[in-house]
Amino acid sequence: DGVGGWASKGIDSGAFSRALATNTANALDMIRSSSEYHAEAVFDDLEMALDAGLADIEVKGSTTACVLSVSPDGRVANFLNVGDSGFHIFRPSEGAAGSMQLVAKSSVQQHDFNYPFQISSWAANVQKRDMPSDGDRYEHALLPGDIILISSDGVLDNLFDEQMSSILDGWSDASAADVAAVIAKRAREASVGDEATPWTVALQA
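Numbering (this note's numbering), first residue to last: 758 to 962.
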């Protein structure tokens, strides 16, 4: 998620994050196709891929990042998260058919309020340059029916965990694109409405 503050300097904050995502995906494909690839080194792979993706970028900008690797058998999720993007894992509730419950989520990494950890290019010449190695690492077991949400602060600042869980109720058979569209639409509505949001609560605190 490109850091929006760059817009005030006439820089497209999304260009850097899109380039990093593309470069990181390409680097990870190369790592995974290597004859020396070992699945148990997944966190090192995610970090190396982000490092490699960052090295190929010359444009100014910075971004938060959350990358995920699911094991081949689908039983384990490994995350590397830098900044205030993040993930949630929701699981079908045992007690209520169709309802989802939160079982795991990431924590926000920030230097100060509204100043998240962020990966930047050398060209950005920022005062504090965070690196992929500064990210938090998470490992969580998965079960059939789990839904993993990877979100930017555009979602996380505007929807509480309980709201996301309620939105997902009954959507277990929907496509990933449909679920993402519903979450994004609801976050957008909350951002321009008068209701309390995680952002307004944090701002008041």
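C-beta: ideal position from N, C-alpha, C; glycine also.
Quiz item: So residue 874 and residue 884 are in contact, right, with Cβ under 8 Å, and what is the actual spacing, rounded?
Solution: The sequence position of residue 874 within the sequence shown is 117, counting from 1. The sequence position of residue 884 within the sequence shown is 127, counting from 1. With a Cβ gap of about 13 Å, residue 874 and residue 884 do not count as contacting.
Quiz item: Under a Cβ-count criterion, where at least 16 other Cβ atoms within 10 Å of its own Cβ denotes burial, should residue 879 be classed as buried or exposed?
Solution: Counted from its first residue, the sequence shown places residue 879 at position 122. Looking at its Cβ environment, which holds fewer than 16 other Cβ atoms inside 10 Å, residue 879 is exposed.
Quiz item: How long is the line joining the alpha carbons of residue 843 and residue 872, rounded to whole angstroms?
Solution: Within the sequence shown, residue 843 is the residue found at index 86, counting from 1. Within the sequence shown, residue 872 is the residue found at index 115, counting from 1. When rounded, the distance between both Cα atoms is 15 Å.
Quiz item: Opposite residue 849 in the DSSP bridges: which residues?
Solution: The residue given as residue 849 occupies position 92 in the sequence shown. Per DSSP, 857.
Quiz item: Are the beta-carbon atoms of residue 833 and residue 822 separated by less than 8 Å?
Solution: Within the sequence shown, numbered from 1, the residue matching residue 833 stands at position 76. Within the sequence shown, numbered from 1, the residue matching residue 822 stands at position 65. The answer is no: Cβ separation not under 8 Å.
Quiz item: Which residue from 962, 899, 905, 900 puts its Cα closest to that of residue 824?
Solution: What you label residue 824 is simply residue 67 of the sequence shown in a count that begins at 1. Checked all of 962, 899, 905, 900; the closest Cα to residue 824 is 905.
Quiz item: Which parts of the stretch 867-920 are runs of the beta strand (DSSP E), unbroken and 3 residues or longer, counting only runs that do not cross its ends?
Solution: 867-869, 893-898, 904-908
Exercise. Take residue 816 and list the residues in its own chain whose beta-carbon comes closer than 7 Å to its own, dropping the five residues that flank it on each side.
Key: In the sequence shown, the residue the question calls residue 816 occupies position 59. Only 772, 773, 776, 878, 880 meet the Cβ criterion.
Practice problem: Name the two residues that bound the continuous beta strand (DSSP E) containing residue 826. | Solution: Working through the sequence shown from its first residue, we reach residue 826 at position 69. From DSSP, the beta strand (DSSP E) with residue 826 extends over 822-827.
Quiz item: Looking only at DSSP bridge pairs, what is residue 837 linked to?
Solution: Stepping through the sequence shown from its first residue, residue 837 is reached at position 80. Answer is 824, 894, bridged to residue 837.
Practice problem: Provide the residue span of the alpha helix (DSSP H) that contains residue 942, from first to last. | Solution: In the sequence shown, the residue the question calls residue 942 occupies position 185. Segment 933-949, the alpha helix (DSSP H) holding residue 942.
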